[in-house]
Amino acid sequence: MTVPYVYDAGALLAIDSNDRRMWAIHRLALEEGRRLIVPAAVVSQAWRDGRRQVGLGRFLRTCEIEPTLLEGAKAAGILCGKTRTSDVVDATVVVVALTYRAIVFTSDPADMAKLAAEFGARPGLVIRTV
48 MTVPYVYDAG ALLAIDSNDR RMWAIHRLAL EEGRRLIVPA AVVSQAWRDG
98 RRQVGLGRFL RTCEIEPTLL EGAKAAGILC GKTRTSDVVD ATVVVVALTY
148 RAIVFTSDPA DMAKLAAEFG ARPGLVIRTV
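For this note's numbering, add 47 to where a residue sits in the sequence shown, where the first one is 1.
Printed below as a string of structure tokens:
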């Protein structure tokens, strides 16, 4: 069984900018049969105009969109409180990634690492930079 991927807004923005490296990562993940997860809050952070984001829309159809339910929202809020940060979307990405034991693709590896370290899960979060 392959390890899932969780994409943050940086990954979506890379796709939206037609970044060849991110498209290659995604295509390979699809070929490998990986679960590709995007928290719904991440979509909110990256989505601006569907008429101009056709490629991103096509990309999102190949991913699972993870809703943020009450317990996940609470966990993200607690994580922000512990780290004294305010980015609940990054915290949500960390919570989802740790829940699924997934690899995170992000443009903010330092922020993700700080949040994951505070969460204290073992094994730790695997982070890849977009």
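For each residue, glycine too, the CB sits at the ideal point set by N, CA and C.
query, result
"Which same chain residues, not among the five before or five after Phe166, have their C-beta less than 7 angstroms away from its C-beta?", "Leu126, Val141 and Leu145"
"Helix, strand or coil for Pro51 per DSSP?", "coil"
"How big is the Cα-Cα spacing for Thr153 and Asp55?", "5 angstroms"
"What is the residue span of the alpha helix (DSSP H) that Pro170 lies within?", "Counting along the chain, Pro170 falls outside any alpha helix (DSSP H), and DSSP gives it neither H nor E."
"Go ahead and label Glu111 buried or exposed: buried means 16 or more other beta carbons lie within 10 angstroms of its beta carbon, across all protein chains shown.", "exposed"
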